[in-house]
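Engineer: Residue numbers (my numbering): 210 to 465.
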Ligand code: PEP
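1) Just checking residue 444 against ligand 1 - is the residue's beta carbon closer than 6 Å to any of the ligand's heavy atoms?
2) With a cut-off of 7 Å, does the C-beta of residue 236 fall near any C-beta of chain B?
3) Residue 363 and residue 411 look like a contact to me (Cβ under 8 Å); what is the Cβ gap, rounded to whole Å?
4) Measure the CB-CB distance between residue 461 and residue 430 and report whether it falls below 7 Å.
5) Figure out for me which residue from 438, 250 and 446 has the closest Cα to the Cα of residue 426.
6) Below 6 Å, is the gap between the Cβ of residue 424 and the nearest heavy atom of ligand 1?
7) Quick check: does the Cβ of residue 341 come within less than 6 Å of any heavy atom belonging to ligand 1?
8) Can the beta-carbon of residue 393 be found less than 7 Å from the beta-carbon of residue 436?
9) With respect to 6 Å, is the separation between the Cβ of residue 305 and the closest non-hydrogen atom of ligand 1 below this value?
10) Let me know the secondary structure DSSP gives residue 211 once reduced to three states.
11) Looking at C-alpha atoms only, which residue of 328, 279 and 230 is the closest neighbour of residue 257?
12) Would you please state the rounded distance, in angstroms, between the beta carbons of residue 303 and residue 273? I believe it to be under 8 Å.
13) Sort 281, 267, 403 and 369 by Cα distance to residue 240 and report the nearest one.
14) Check whether the stretch 344-353 touches the stretch 306-322, counting contact only when three or more Cβ pairs, one atom from each stretch, lie closer than 8 Å.
15) Taking its Cβ as the centre, do 16 or more other Cβ atoms sit within 10 Å of residue 223, making it buried, or is it exposed?
16) Give the DSSP-derived three-state secondary structure of residue 251 in the structure shown.
17) Taking 6 Å as the line, does the beta carbon of residue 419 fall inside it for any heavy atom of ligand 1?
18) From which residue to which residue does the beta strand (DSSP E) around residue 234 run?
19) Counting only runs of 4+ residues fully inside the stretch 339-388, write out the alpha helix (DSSP H) ranges in chain order.
20) Would you say residue 384 touches ligand 1, meaning its beta carbon is less than 6 Å from a heavy atom?
21) Which ranges would you report for the beta strand (DSSP E) in the stretch 242-309 if only whole runs of at least 3 residues count?
22) For residue 405, which three-state DSSP category applies?
The following block contains the structure:
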């Protein structure tokens, strides 16, 4: 059975003191959860990584970052490398979030380079894929998802594919309050698993965890998690408050 994984993407929210408050609140709220049962990941902004890393030491939660550059170092003003993320104690990194694709020119090619660099530094990449509203309405969902998965995972070996997490995030559901129905999410995630099975083999596809992301809330987490191909959630807005993120985690457990 695949272990569920729930990650909070704090985006460009939380000053250092606010991040400390949120991480401490979650630690208090979730300390009874056995890390054997679920992986919990917090992805604060770069500026709060150090402080949150300290709070998460010896906890049942891990640190993640929201993006990285593919080079280890160099003249890349404003960028942060996998080497630096490893140095600060991050274990996960989100790659190819739709906001990066939409506003910062992220492409399948840059996703693929970042993915390879993350693996080199033993960071677990969370690769985001998903269609926008126009693409869904013109029946291009499967084509876009296939393009993101195949482009992002280009030249990735079967062994490395097992180290990756995929997040299916329909862009029309991100930050809009409009969640994909469990069956819409399941349909796309089953399709992703089929792509992986063809590309690698069925055993590998069955082992790779696929999260759903897009307006996940305490009220809809359980019904999404009941779907056979949904192995967790990537949560934006609802990860910014202790109560809602803790409730998503508690409501997601033991529902399969
Ligand atoms: C996200 O940013 O990945 C996300 C899913 O955001 P939200 O939960 O706010 O839709």
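Backbone N, C-alpha and C fix where the C-beta goes; we use that ideal spot for every residue, glycine too.
Structural biologist: Quick answer:
1) yes
2) Protein chain content of the structure displayed is limited to a single chain, and chain B is not contained in it.
3) No, residue 363 and residue 411 are not in contact; Cβ-Cβ is about 21 Å, not under 8 Å.
4) yes
5) 446
6) yes
7) no
8) no
9) no
10) coil
11) 230
12) 7 Å
13) 267
14) no
15) buried
16) strand
17) no
18) Residue 234 -> not in any beta strand (DSSP E); alpha helix (DSSP H) instead, spanning 225-239.
19) 342-346, 350-361 and 367-370
20) yes
21) 248-252, 270-274 and 301-304
22) helix
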